[in-house]
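In our numbering, the protein residues as written are 1 to 149.
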């Protein structure tokens, strides 16, 4: 499976440290998690909803990640707010079946596509999850509201 993560260059790693520090939709503070998307375009949209769109950032990279399908638990849309995900939020990879490093759920922003959350503290993370490529990413200026571009 090929996954994508759009982030600032200084955070282009697989540790999940940022999410551990701040928490996120699918992890509480203290739980390391890497938020990825099944498509590069979804990774862009997932980041855009959190950006101040008055200035075009210039320090982003697109991280391409490789992980075998069998290491990812794919959840149906009906599970997106269920008890299982509440447990995953609290405990991270400990709630997942053995030999998995993350799970896939529909994106809240684009429900037809999926986000994949990887837990870097999962025992198999370092062998199952590999960075395949890191490339500079330039946002299209039309996505931003600054009229002086």
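Each residue gets a CB set at the ideal place from its N, CA and C atoms; glycine is no exception.
Where does residue 92 land, buried or exposed, given buried means 16+ other C-beta within 10 angstroms? Using a 10 angstroms sphere on the CB of residue 92, the tally of other CB atoms reaches 16 or more, which defines it as buried.
Quick check on the DSSP output: what are the complete alpha helix (DSSP H) runs of length 4 or more inside the segment 22-54, in order along the chain? Taking only runs of at least 4 residues, the alpha helix (DSSP H) segments lying wholly in the segment 22-54 are 40-48.
Looking only at DSSP bridge pairs, what is residue 130 linked to? Answer is 66.
Could you check the C-alpha separation between residue 120 and residue 71 for me, to the nearest Å? In a straight line, the C-alpha of residue 120 is about 12 Å away from that of residue 71.
Residue 57 versus 7, 123 and 129, residue with shortest Cα-Cα distance: Ranked by Cα distance from residue 57, the first of 7, 123 and 129 is 7.
Comparing C-alpha positions only, which one of 115, 42 and 44 sits nearest to residue 76? Checking every option, the nearest Cα to that of residue 76 belongs to 115.
Taking just the CA atoms, how far does residue 104 sit from residue 32? Each residue's CA atom was taken as its position, placing residue 32 and residue 104 some 16 Å apart.
With three or more C-beta pairs closer than 8 Å as the rule, is the segment 80-90 touching the segment 23-41? Three or more beta-carbon pairs drawn from the segment 23-41 and the segment 80-90 are found closer than 8 Å, and the two stretches are therefore classed as touching.
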